[in-house]
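As structure tokens, the structure follows; a few thoughts come after it.
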Amino acid sequence: MDFGLSEEQIAIQEMARAFGEERIAPHAREWERAGTIPRELWPELAALGFGGLYVSEEAGGSGLSRLDATLVFEALSRSCPAVAAFLSIHNMCAAMIDRFASPELKARYLPGAVAMETVFSYCLTEPGSGSDAAALRTRAERTNEGWRLNGTKAFISGGGYSDAYVVMARTGGEGPKGISAIIVEDGAPGLSFGGLEDKMGWKAQPTRQVQFDDCMTPVDNLLGEEGQGFKYAMAGLDGGRLNIAACSLGAAQAALDQTLAYMGERRAFGQTLDQFQALQFRLADMEIELQAARTFLRQAAWKHDTGAPDATKFCAMAKKFVTEVGSRVADQCLQLHGGYGYLADYGVEKIVRDLRVHQILEGTNEIMRLITVRHLLKERG
0 MDFGLSEEQI AIQEMARAFG EERIAPHARE WERAGTIPRE LWPELAALGF
50 GGLYVSEEAG GSGLSRLDAT LVFEALSRSC PAVAAFLSIH NMCAAMIDRF
100 ASPELKARYL PGAVAMETVF SYCLTEPGSG SDAAALRTRA ERTNEGWRLN
150 GTKAFISGGG YSDAYVVMAR TGGEGPKGIS AIIVEDGAPG LSFGGLEDKM
200 GWKAQPTRQV QFDDCMTPVD NLLGEEGQGF KYAMAGLDGG RLNIAACSLG
250 AAQAALDQTL AYMGERRAFG QTLDQFQALQ FRLADMEIEL QAARTFLRQA
300 AWKHDTGAPD ATKFCAMAKK FVTEVGSRVA DQCLQLHGGY GYLADYGVEK
350 IVRDLRVHQI LEGTNEIMRL ITVRHLLKER G
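Per numbering that gives the first Met the number 0: the sequence shown ends with 380, consecutive numbering throughout.
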């Protein structure tokens, strides 16, 4: 069993980290205040191959593994987890198109998605269906003019900002088998957006409700087979959970690195903070937790890549464990900064705010526990 990264993987991670430090970190607070991410950033990321990380090379993507992708998101999140997480959402949509769409739909959307000339958002959650995603009410009716959609999606990252939306809508009866995936482009008749949500964190990401009022989209915009949308959505979420865990890991590591530097400079009672044994123990505990989280995440990604039968369980467990470790470490780093940690200038409070939502999205951590125990009971027989 080899726990080391290959030279190529190290190069990918270092490239992502260098890009983040140069193009994202210096502007992260400014983008947070503005409540948006400059559109010109995305083609720059796409030029590095990050617009289609696990889109097949045949379709113009980078063809990387899920483990490779976690390295990218961990590295970018050191600079801003909100930006990295938005990139993850786009990549989830691009991968769904590559994996499930018809050749015609791929030809229409994948080149723009990979180049990030077409930025995608993912529309599953609704005001009345979060964890119970299969209870969604947005309906798509096939007509002679195309699909007519009616309903509302909630908490959509990129709502009113993105160029296209992968929408989960009910085309059949109740339950998961009645759900299909349909692509709706920005500007479609009947597509509108709610007001900008005022969030605790992820403020750089524009988040709005997405409203469909007799919204029309071509019949050919059905992604894959009718009635298979929920299956596609869940398949995408396994990888999304790995990515969001990687975002927690990278940001928490950045917080710890910054805390180590601060404690080597800050003096109290005649010595620097890093010389107090009680505080040294806290640093050690955070390092242990982050290393354990990193190993667990990479094991789960490896299982996803190899198609292991328990991959879904491991993705859920890793998401729960790593996101909670990330938030716990970030909170401790803020505490070790004292009053300075509460100030925006030091950046730690932003990390605390940004990471909190990671325990909620891509399936709440309560749902991650539910997935885990269901697999346990099934394995017991």
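From the three backbone atoms N, C-alpha and C, an ideal C-beta is built for every residue, glycine too. Keep in mind it's a predicted model, so treat the numbers as computed, not measured.
Between Gln208 and Gly193, the C-beta spacing is below 8 angstroms. Look at Ile11 here: in three-state DSSP terms it is helix. Sequence-distant Cβ neighbours of Asn364 in its own chain, meaning closer than 8 angstroms and more than five residues away, are Lys318, Lys319, Thr322, Glu323, Gln358. For Trp146, the uninterrupted beta strand (DSSP E) segment begins and ends at 145-156. Thr216 and Met199 have their C-alpha atoms some 34 angstroms from each other.
About 6 angstroms separates the CB atoms of Arg77 and Gly19; that is less than 8 angstroms, so the two are in contact. Annotated as proximal: Leu236 and Glu361, with beta-carbon spacing under 8 angstroms. For Thr170, no beta strand (DSSP E) run applies, since DSSP gives it neither H nor E. In this structure, DSSP gives Val166 an extended state, which the three-state scheme calls strand.
In terms of Cβ geometry, Ile9 and Asp67 do not form a close pair [threshold 8 angstroms].
A contact is defined here as three or more CB-CB pairs under 8 angstroms, and the segment 210-227 fails this definition with respect to the segment 46-62. Burial is judged here by how many other beta carbons sit within 10 angstroms of a residue's own beta carbon; Val347 has at least 16 and is buried. Ala93 is positioned such that its CB atom lies closer than 8 angstroms to that of Ala112.
Taking the Cα of Leu123 as reference, the smallest distance to any Cα among Asp344, Ala133, Thr117 is reached at Ala133. By the neighbour-count criterion, in which 16 or more other beta carbons inside 10 Å mark a residue as buried, Leu375 falls on the exposed side. The count of Cβ pairs closer than 8 angstroms, one atom from the segment 335-347 and one from the segment 290-297, stays below three, leaving the stretches out of contact. Take the alpha-carbon of Lys349 and the one of Glu43: they are about 24 angstroms apart. DSSP places Asp1 in the coil class of the three-state scheme, outside both helix and strand.
Judged by DSSP in its simplified three-state form, Leu75 adopts helix.
By the Cβ-count criterion, Ala58 is buried, with 16 or more other Cβ atoms from all chains shown falling within 10 Å of its own Cβ. In this structure, DSSP gives Phe119 an extended state, which the three-state scheme calls strand. Distance from the Cα of Ala24 is smallest, within the candidate group Leu278, Ala250, Ala232, for Ala250. Assigned with DSSP and collapsed to three states, Ala100 falls in coil, not helix or strand.
The shortest CA-to-CA distance from Ser179 to any of Thr305, Arg32, Met233, Val356 is the one to Met233. For the set Val351, Arg16, Phe49, Tyr108, the Cα lying nearest the Cα of Asp219 is the one of Tyr108. For Gln210, there is no enclosing alpha helix (DSSP H); the residue is found in the beta strand (DSSP E) stretching over 206-216. Pairing Trp201 with Asp353 gives a Cβ-Cβ distance under 8 angstroms.
Assigned with DSSP and collapsed to three states, Ile36 falls in coil, not helix or strand. Nearest C-alpha to Leu248 among Ala139, Ala33, Glu224, Met285: Met285. A Cβ-Cβ distance of about 5 angstroms is found for the pair Ile366 and Ser130, placing them in contact under the 8 angstroms criterion. Your pair Cys332 and Leu241 does not check out as a contact, with CB atoms roughly 24 angstroms apart and the cut at 8 angstroms.
In the three-state scheme derived from DSSP, where H, G and I count as helix and E and B as strand, Val324 is classed as helix. Secondary-structure assignment with DSSP links Glu184 through a beta bridge to Ala163. Sorting Arg169, Ala203, Arg327 by C-alpha distance to the C-alpha of Ala254 places Arg327 at the top.
A distance of 8 angstroms or more separates the beta carbons of Arg169 and Gly159. Comparing alpha-carbon positions, the option among Gly226, Glu7, Ala300, Gly150 lying closest to Pro175 turns out to be Gly226.
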